[in-house]
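Report on the following structure.
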Amino acid sequence: MKSKTINFLKAQGHRITPVRERIIEIFINAEYPLNAKQILDLFKRDKIKVHRATVYREIEFFLSNELIHPVYLGQESISYEINKQEHHHHFVCEKCGKVIDVNPIGVEKELEKFENLFRKEQGIKIKRHALKFFGFCKKCQK
């Protein structure tokens, strides 16, 4: 996926800087959505110096090229994750902040039915939806 993303950006005429390449790797390898501070912490962990403004600029760059999308997890800061082909939802632990991808079979079809009904009733256009579950993960229930 990394080479595919890099090739896409190069085809659009964009440069691939070391910071940009590292952020691509971070998003590809992330197990959950990340906010800017978490990305900065990963750079620090790897002893790579990068300015906070650069990370925010790169996030905006990836958003504008539709390579990542925002994920609102009920926290103060916005998290982001790489755009994948499959649509999914999230569970957020209210104690430790752990995020788990949720993709229950059949839920999307039911949500589509609801969207269609809601769209017709209200005369609106829905671009996308996001479903979040909040509670406590296995570890935090103990």
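Quick note on our numbering: the sequence shown kicks off at 6 and runs consecutively.
Using N, Cα and C, we set each Cβ at its ideal position, and we do this for glycine too.
None of these values were measured; they are calculated from a predicted model.
Q | For residue 28, the first and last residue of its enclosing alpha helix (DSSP H) | A | 23 to 34
Q. Quick one: what does DSSP say residue 112 is sitting in, helix, strand or coil?
A. Correct three-state label for residue 112: helix.
Q) If you follow the alpha helix (DSSP H) that residue 63 is part of, which residue opens it and which one closes it? A) 57 to 69
Q. Rounded to a whole number of angstroms, what is the C-alpha to C-alpha distance between residue 40 and residue 73?
A. 12 Å
Q) Does the distance from the CB of residue 100 to the CB of residue 141 come in under 8 Å? A) yes
(Q) Helix, strand or coil, according to DSSP, for residue 145 in the structure here? (A) helix
Q) Considering only C-alpha positions, which residue in the set 137, 18, 64 and 129 is nearest to residue 27? A) 64
**Q.** Per DSSP, the bridge partner or partners of residue 51
**A.** Bridge partners of residue 51: none, in fact.
Q: Kindly list the residues whose CB is nearer than 8 Å to the CB of residue 75, restricted to its own chain and excluding five residues on each side of it in sequence; keep chain order.
A: 68, 83, 84 and 85
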